[in-house]
Each structure stands twice: as structure tokens, then as C-alpha cells.
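Engineer: After the C-alpha cells below, expect a handful of questions from me.
In our numbering, the protein residues as written are 171 to 407.
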């Protein structure tokens, strides 16, 4: 199986890719091993966890994963495909390499949410038991509790109304061998919304526009100057 090109990606990204590629290799040889009851392993094809049903781990290489309303699953991971979790589901960790992760309302995630190339969105009432991280993609939270931290390299971040992030927020600088871009890089947009809380440090290793609502609370900010706003939405750049 051809592996993604990881040249120019920093240590954080290498770790994420190693996990995901390990998943891919394990999944590709699934026929040689006995599956646990309720596990679903595929190489090619999408996986659907039906509404209200219970499953083990869900793993595929080429395909999306769809977890319907009020389903319960273990970890869910894919290499080439997105992950969608509907309202009221309970899942373990969520991980993909090439694909976004979209999570509905009142979803409980026991571990973290991680992607390399794709956006992450968690709707109202969500709870994430670990970190939320992406390399090339935005992150959006609405009234969501995150026990870990948030990290990205090139994506925008919105810690939306009523969200609570316990582990801080970091925008990482790309490795010096990162892909060459012509012209001035786009300035990332970071928004800490009304009544949101980000505990721990907020660290910015590249230029960003940081908007912090008057009612929000944050830890120490390094590498950016907060721009205060009072309305329901941050100013448009």
C-alpha cells in the first residue's frame, strides 16, 4: 500500500501519521486475525453503525465511517475517508488521515479526535475525552467540553459559545521543509467565543488574528495579541 508523503511534516504530524498508518497496515491484514465481537474491519468500503446499535471498533482504509444517532462504538478510524457521527452517539477515539470529522449534538467521545487533512466540527453538547487536533484543516466547537487541548498547523479555530477546553490551544509552525507556497501566507483566524473557556496556555508559533469575546476566559497568550469583541460574532477580517 502506498504511504502518504510525510516529508516536511513536524514531529506532531509524524506521530499522527504513524498511528494512522499503523491502523492501515493492521486493517490491511485483518483476514489473518480473529475479530472481536462487534468489530468491523475493512480495506475497501464504507462502514455504517446503525442507529441505536452497539459495536466494537470500526476500521477501514478506503472509505468513510458513518455512526448513526444513538449508536455506541469503540474507536473509529479510516485512512481515506471522512467520519460522521450523528446526534446522541457514544464513541471511542476518532481518527482519519484524509478526511474531515463531523460530530452531531450530544455526542460523547471517550478519547480524542484527530485528522491530518480535514476539518473537525463538534456540535452543541459534545464531550471529547482527549485532544482535538488537525494539521491541514479547521476546528470548530459549539458548546463542547474538551478534556485535552486543541492543536492545528494551518487551520482556523473557533472555540464557540459556551465551550470549555481544558488543555490549552496551540497553532504550530510548519516544518522548514513544508511545501512551498507563492505569495504571502494566509493569516489564520482564531476565535474564542461568548462564554467560552480555554484553560492552559494559548501558544501561536505563526501569525494569526486572535479574537477573544469579552465574556470568554483564557490562559496565558503567547505569540499573538487578543482582539476583544462584544457581539455574538467576531468581526470579519
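Don't be surprised by glycine CBs; every beta carbon is placed ideally from N, CA and C.
Please state if the CB of residue 282 and the CB of residue 258 are separated by a distance shorter than 8 Å.
Structural biologist: Position 88 of the chain shown, counting from 1, holds the residue named residue 258. Position 112 of the chain shown, counting from 1, holds the residue named residue 282. No, Cβ-Cβ distance for residue 258 and residue 282 is not below 8 Å.
Engineer: Mapping the DSSP letters down to three states, classify residue 265 as helix, strand or coil.
Structural biologist: Here residue 265 corresponds to residue number 95 of the chain shown, with the count starting at 1. Residue 265 falls in the strand class under three-state DSSP.
Engineer: Whole angstroms is fine: what's the gap from residue 404's alpha carbon to residue 356's?
Structural biologist: Locating residue 404 in the chain shown gives position 234, where the first residue counts as 1. Locating residue 356 in the chain shown gives position 186, where the first residue counts as 1. When rounded, the distance between both Cα atoms is 18 Å.
Engineer: Mind reading off the beta-carbon distance from residue 293 to residue 279? Whole number of angstroms is fine, and I expect it under 8 Å.
Structural biologist: Taking the chain shown and counting its residues from 1, the one referred to as residue 293 is at position 123. Taking the chain shown and counting its residues from 1, the one referred to as residue 279 is at position 109. With a Cβ gap of about 12 Å, residue 293 and residue 279 do not count as contacting.
Engineer: Can you tell me whether residue 340 is helix, strand or coil according to DSSP?
Structural biologist: The residue labelled residue 340 in the question sits at position 170 within the chain shown. Strand at residue 340.
Engineer: Tell me whether the beta-carbon of residue 329 lies closer than 8 Å to the beta-carbon of residue 319.
Structural biologist: To locate residue 329, count along the chain shown from 1; it is residue 159. To locate residue 319, count along the chain shown from 1; it is residue 149. Against a cut-off of 8 Å, the Cβ pair of residue 319 and residue 329 comes out as no contact.
Engineer: Taking the alpha-carbon positions, what's the residue 383 to residue 313 distance?
Structural biologist: Within the chain shown, residue 383 is the residue found at index 213, counting from 1. Within the chain shown, residue 313 is the residue found at index 143, counting from 1. Their Cα atoms are separated by approximately 15 Å.
Engineer: Can you have a look at residue 406 and say buried or exposed, based on whether 16 or more other CB atoms are within 10 angstroms of its CB?
Structural biologist: Within the chain shown, numbered from 1, the residue matching residue 406 stands at position 236. Residue 406 is exposed by the Cβ-count criterion.
Engineer: With distances taken from CA atoms, which of 233, 240, 331 and 275 is nearest residue 269?
Structural biologist: Counted from its first residue, the chain shown places residue 269 at position 99. Measuring from the Cα of residue 269, the nearest candidate turns out to be 233.
Engineer: Report the three-state DSSP secondary structure of residue 202 (helix, strand or coil).
Structural biologist: The residue labelled residue 202 in the question sits at position 32 within the chain shown. Legend: pLDDT at residue 202 = 34, less than 50; position of this residue unreliable, no value from coordinates given.
Engineer: Pick helix, strand or coil for residue 191, following the three-state DSSP scheme.
Structural biologist: Stepping through the chain shown from its first residue, residue 191 is reached at position 21. Note that residue 191 scores a pLDDT of 46, beneath 50, so its modelled location is shaky; the value from the coordinates is reported in the next line. Note: residue 191 maps to helix in three-state DSSP.
Engineer: DSSP state of residue 390, grouped into three classes?
Structural biologist: On the chain shown, residue 390 is found 220 positions in, with the first residue counted as 1. Residue 390: coil per DSSP, three-state reduction.
Engineer: Please report the distance separating the alpha-carbon of residue 296 from that of residue 256.
Structural biologist: Reading the chain shown from its first residue, position 126 is the one you call residue 296. Reading the chain shown from its first residue, position 86 is the one you call residue 256. Going from the Cα of residue 296 to the Cα of residue 256 covers about 11 Å.
Engineer: Taking the alpha-carbon positions, what's the residue 265 to residue 400 distance?
Structural biologist: By 1-based counting over the chain shown, the position of residue 265 is 95. By 1-based counting over the chain shown, the position of residue 400 is 230. Their Cα atoms are separated by approximately 35 Å.
Engineer: For residue 380, which residues of its own chain have a beta-carbon under 6 Å away from its beta-carbon, when the five flanking residues on both sides are left out?
Structural biologist: The sequence position of residue 380 within the chain shown is 210, counting from 1. Within the same chain, residue 380 has close Cβ partners 360, 394 and 396.
Engineer: Taking the alpha-carbon of residue 322 as reference, which of 331, 333 and 308 has the nearest alpha-carbon?
Structural biologist: Here residue 322 refers to the residue found at position 152 of the chain shown. Considering only alpha carbons, the answer is 308.
Engineer: Considering just the uninterrupted stretch of the beta strand (DSSP E) at residue 356, what are its terminal residues?
Structural biologist: Against the chain shown, residue 356 aligns to sequence position 186. That residue, residue 356, is in no beta strand (DSSP E); it is neither H nor E in DSSP.
Engineer: Going by alpha carbons, who is nearest to residue 311 out of 246, 271, 226 and 222?
Structural biologist: Counting from 1 along the chain shown, the entry for residue 311 is found at position 141. The residue with the shortest Cα to Cα distance from residue 311 is 271.
Engineer: Compute the distance between the beta-carbons of residue 223 and residue 241, then report whether it is under 8 Å.
Structural biologist: Along the chain shown, one-based indexing puts residue 223 at 53. Along the chain shown, one-based indexing puts residue 241 at 71. Yes, Cβ-Cβ distance for residue 223 and residue 241 is below 8 Å.
Engineer: Alpha carbons only, please: which of 375, 246, 315 and 229 is nearest the one belonging to residue 331?
Structural biologist: Taking the chain shown and counting its residues from 1, one reaches residue 331 at position 161. Taking only the C-alpha atoms, the option nearest residue 331 is 315.
Engineer: Can you name, in chain order, every residue of its own chain whose Cβ lies under 6 Å from the Cβ of residue 228, other than the five neighbours on each side?
Structural biologist: Taking the chain shown and counting its residues from 1, the one referred to as residue 228 is at position 58. Cβ within range, chain order: 210, 217, 235, 243 and 246.
Engineer: Using only alpha-carbon positions, find the residue among 284, 341 and 325 that is nearest to residue 372.
Structural biologist: The residue labelled residue 372 in the question sits at position 202 within the chain shown. The residue with the shortest Cα to Cα distance from residue 372 is 341.
Engineer: The beta strand (DSSP E) with residue 383 in it runs from where to where?
Structural biologist: Numbered from 1 along the chain shown, position 213 holds the residue referred to as residue 383. From DSSP, the beta strand (DSSP E) with residue 383 extends over 378 to 383.
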